[in-house]
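Colleague: Sequence lines, in order, name chains S and D.
Take any residue in the first sequence, note its place counting from 1, add 18, and you have its number in my numbering.
Take any residue in the second sequence, note its place counting from 1, add 701, and you have its number in my numbering.
Note that CB positions come from ideal geometry on N, CA and C, so glycine has one too.
Just passing along the structure, written as structure tokens.
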Amino acid sequence: METFVLLLAGGLVTGAIYALVAAGYAVLYTATGFVNFALGAQAMVAGYLTYAAFVDLPVVVRILIAVAGSVLLSVLSWVLIYRRVAEKDMLAGVIMSFGFSIVLAEVVQLVAGGIPRPARSPVGSTAHSLGPLSISNHSIAVLAVSAVLFALLGLVLSSRGGTAIRAMFQDKEMAETLGIPTHRVTLWLFALSGVFAGAAGVLAAPILSLSPHMGTRLALIAFVGAVLGGLGTIRSAIAGAVLLGLLEAFFAGYISSDWRATLVFGVFIAVLVVRPAGVLGRIATVKV
Amino acid sequence: MLELRNARIGYGPVTVVEDLSLQVGDGEAVFLIGPNGAGKSTTLRGISGLNRLESGSLIWDGDDVTRLPANRRAARGIAVVPEGRHVFPQLSVQENLEVAARAVDRTDVASRTDEVYDLFPRLRERRQSFAGLLSGGEQQMLAIGRALAQRPRLLIIDELSLGLAPVIYQQVGETVRQLAATGLSVLLVEQNARLAMRICSRGYLLAHGEVVLSGTVEELEQTDQMRDLYLGGLGKVG
């Protein structure tokens, strides 16, 4: 029982981090059909900005810089790198985002060095015991922050402006014909996905520790989670990522932690073969 | 007030419309008719801005709007009902109308949606339903209502009757005819020539991306092409 509760909590925490990145994927994918694989690298950069650069500044300021940096990377990479290509050939743009994430990782490696370094959580890692459950401050912060961000995302999408975004998700060309400025909305969505990637990086670094390639893994696993739930709707992508975090935790705890990566990508292949729209997806809009 | 001059429109390397000119005057209702692949929908996409004009120009209200992005044309008073209706399936009827109304003007949204409900009372009954759950006829009403919620001066409709039962498209067509009679300009693409001729006063026959025939409804009725292709047996009925 105790193991079960611990694995459940641990799985929820990693799942929440995957879900932040997955939300970033889904926000972009549902509206534009674009999969931004550099979200993981943006998270990594945000991690370095929070825990390695500007160590003299107060932590709140560093977190703000980190999220702003991720937002900026998100928007600029779309405007300067992907957009022109993606408008002609979406897949080429998607592959470019993968390339861009490698470039970001290499740049960070040159600037900050390739050796993984620990990151100390701003809220500390004091553990609390609650019956069979033992949970650290940082884990609580991960759950709280991601819950707040998902709630805010829900609010944004149900607002009046959000109706226009949802219209664009459902039929971009029609939204454009009706006068919705889809280019501008796309920029906002890239900024929004940058917030989610940045938050994921700030929250993941103390768990994974900082390394230039931490983002690549995060990007891939979160993508698998999003596809597991269904990349075509934001809610199911988030749910899928949380589910994957739980699967991974229970698999590692009860079966084998050496095979967890195999599990993750085994799940990926199984989903694509059996239910390409995702376990929770209703519309078969996922094209990978 | 709308004038398309020598337009060439296509998709990448494929040119569909070679050199097409047409006009819709103030308060005039005009139809385009022609076989599949004649370039009717492509012409409409050129006018709504979804496809660029590779050459030629589009004049609206005396302004050259050839390079105006699609999303800025609605605010100028051009509203589109696309082929296949393209309502937003996972927005409610009310949200479909609001999002369209708001996209051109943030004031007066409620009164503009109310006007649509007065025109199509059926939509008022279903205002909270997801648009994807409506019948084909109701979706067509919503697609037209959504365009009207923008208080356009030109209403572009691609395939009014497609996929609808006759009793439904007659009814929707009658509504459009009344709107046209009150001074709204209409550009209608329609396979059903009789329906088109009842709504409009003038028309163009397109084939292979060119205008092969044009004139008032009375003139077109007299031509062999229209009679043979679209109005077979009209004389006998009369």
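Interface residues of chain S around residue 781 of chain D at Cβ under 9 Å?
Modeller: In chain order: 192, 195, 196.
Colleague: Is residue 189 of chain S close to chain D, meaning its C-beta is less than 9 Å from at least one C-beta of that chain?
Modeller: Chain D contact via Cβ: present.
Colleague: Within the continuous alpha helix (DSSP H) that includes residue 201 of chain S, where are the two ends?
Modeller: It spans 200 to 226 - the alpha helix (DSSP H) in which residue 201 of chain S sits, taken as one unbroken run.
Colleague: Rounded to whole angstroms, what's the CA-CA distance from residue 263 of chain S to residue 280 of chain S? Just pull it up for me.
Modeller: So the two alpha carbons sit approximately 14 Å from each other.
Colleague: Can you pull the chain S residues whose beta carbon is under 7 Å from the beta carbon of residue 772 of chain D, in chain order?
Modeller: Under the 7 Å cutoff, chain S gives 194, 197, 198, 199, 200.
Colleague: Rounded to the nearest angstrom, how far is the Cβ of residue 770 of chain D from that of residue 832 of chain D, given a contact under 8 Å?
Modeller: Contact doesn't hold; Cβ gap of about 25 Å is too wide.
Colleague: Assign residue 302 of chain S to one of three DSSP states: helix, strand, or coil.
Modeller: Because residue 302 of chain S sits at a pLDDT of 40, beneath the cut-off of 50, its placement in the model cannot be relied upon, and the following sentence gives the value as read from the coordinates. Note: residue 302 of chain S maps to coil in three-state DSSP.
Colleague: Can you tell me the Cα-Cα spacing of residue 862 of chain D and residue 171 of chain S, whole angstroms?
Modeller: Between residue 862 of chain D and residue 171 of chain S, the C-alpha separation is close to 40 Å.
Colleague: Could you tell me which uninterrupted alpha helix (DSSP H) segments, each at least 4 residues in length, are contained entirely in the region 816 to 887 of chain D, listed from first to last along the chain?
Modeller: The qualifying runs are 822 to 826, 837 to 849, 867 to 882.
Colleague: Against chain S, which members of the region 733 to 757 of chain D pass a CB distance test of less than 7 Å?
Modeller: Those residues of the region 733 to 757 of chain D that come within reach of chain S (Cβ to Cβ, closer than 7 Å) are 749, 751.
Colleague: Helix, strand or coil: which one does DSSP assign to residue 935 of chain D?
Modeller: Because the pLDDT of residue 935 of chain D is 47, which lies under 50, any placement of that residue in the model is unreliable, and the number read from its coordinates should be weighed accordingly. Three-state DSSP puts residue 935 of chain D in a helix.
Colleague: Answer yes or no: does any C-beta atom of chain S fall closer than 9 Å to that of residue 805 of chain D?
Modeller: Closer than 9 Å to some Cβ of chain S, the Cβ of residue 805 of chain D qualifies, so yes.
Colleague: Assuming contact is defined by CB atoms lying nearer than 9 Å, are residue 92 of chain S and residue 215 of chain S in contact in what I supplied?
Modeller: In contact: residue 92 of chain S and residue 215 of chain S (Cβ atoms closer than 9 Å).
Colleague: Taking 9 Å as the threshold (beta carbon to beta carbon), is residue 882 of chain D in contact with chain S?
Modeller: Cβ-Cβ to chain S under 9 Å: no for residue 882 of chain D.
Colleague: DSSP on residue 52 of chain S, reduced to helix/strand/coil?
Modeller: Note: residue 52 of chain S maps to coil in three-state DSSP.
Colleague: In chain D, what lies closer than 9 Å to residue 184 of chain S by C-beta?
Modeller: Going along chain D in sequence order, the residues near residue 184 of chain S (Cβ under 9 Å) are 789, 791, 792, 796, 800.
Colleague: With 16 other CB atoms within 10 Å as the buried threshold, where does residue 839 of chain D fall?
Modeller: Residue 839 of chain D should be labelled buried.
Colleague: When the cut-off is 9 Å and only beta carbons count, does residue 178 of chain S lie next to chain D?
Modeller: Chain D, which has a Cβ nearer than 9 Å to the Cβ of residue 178 of chain S, makes this yes.
Colleague: Within its chain, find whatever has a CB closer than 6 Å to the CB of residue 187 of chain S; leave out the 5 residues flanking it on each side and keep chain order.
Modeller: Here the set comprises 48, 49.
Colleague: Quick check: what's the CA-CA separation for residue 33 of chain S versus residue 713 of chain D?
Modeller: Approximately 43 Å between the Cα atoms of the pair.
Colleague: Are the C-beta of residue 181 of chain S and some C-beta of chain D separated by less than 9 Å?
Modeller: Closer than 9 Å: yes.
Colleague: Any Cβ of chain S within less than 9 Å of the Cβ of residue 847 of chain D?
Modeller: Chain S, which has a Cβ nearer than 9 Å to the Cβ of residue 847 of chain D, makes this yes.
Colleague: I'd like to confirm the pairing. Which residues does DSSP put opposite residue 760 of chain D in its beta bridges?
Modeller: Bridge partners of residue 760 of chain D: D:704, D:765.
Colleague: Would you mind stating whether residue 726 of chain D and residue 195 of chain S have Cβ atoms separated by less than 9 Å?
Modeller: Against a cut-off of 9 Å, the Cβ pair of residue 195 of chain S and residue 726 of chain D comes out as no contact.
Colleague: Is the region 287 to 296 of chain S close to the region 854 to 870 of chain D, with three or more CB pairs under 8 Å?
Modeller: Contact fails: fewer than three Cβ-Cβ distances are below 8 Å.
Colleague: Would DSSP call residue 151 of chain S helix, strand or coil?
Modeller: Reduced to three states, the DSSP call for residue 151 of chain S is strand.
Colleague: Ignore the nearest five residues each way along the sequence and tell me which others in residue 174 of chain S's own chain have a CB closer than 7 Å to its CB.
Modeller: Hits under 7 Å: 180.
Colleague: Under DSSP, the alpha helix (DSSP H) around residue 252 of chain S begins and ends at which residues?
Modeller: Its alpha helix (DSSP H) spans residues 252 to 272.
Colleague: For the alpha helix (DSSP H) containing residue 789 of chain D, name the first residue and the last one.
Modeller: Premise fails: residue 789 of chain D is in no alpha helix (DSSP H) and is neither H nor E.
Colleague: Where does residue 234 of chain S fall in DSSP's three states?
Modeller: Residue state, collapsed to three classes: helix.
Colleague: Where does residue 735 of chain D land, buried or exposed, given buried means 16+ other C-beta within 10 angstroms?
Modeller: Result: buried.
Colleague: May I ask you to report which of helix, strand or coil DSSP gives residue 921 of chain D?
Modeller: The answer is helix: DSSP assigns residue 921 of chain D an H, G or I state.
Colleague: Is residue 208 of chain S closer than 9 Å to residue 24 of chain S when the C-beta atoms are compared?
Modeller: Their beta carbons are not under 9 Å apart, which means residue 24 of chain S does not touch residue 208 of chain S by this criterion.
Colleague: Between residue 898 of chain D and residue 922 of chain D, is the Cβ-Cβ spacing less than 9 Å?
Modeller: Closer than 9 Å, so yes.
Colleague: Please classify residue 168 of chain S: is it buried, with 16 or more other beta-carbons within 10 angstroms of its beta-carbon, or exposed?
Modeller: Per the 10 Å Cβ criterion, buried.
Colleague: Could you say which of S:285, S:277, S:295, S:31 lies nearest to residue 152 of chain S if we only look at CA atoms?
Modeller: When each option's Cα is compared against that of residue 152 of chain S, the closest is S:31.
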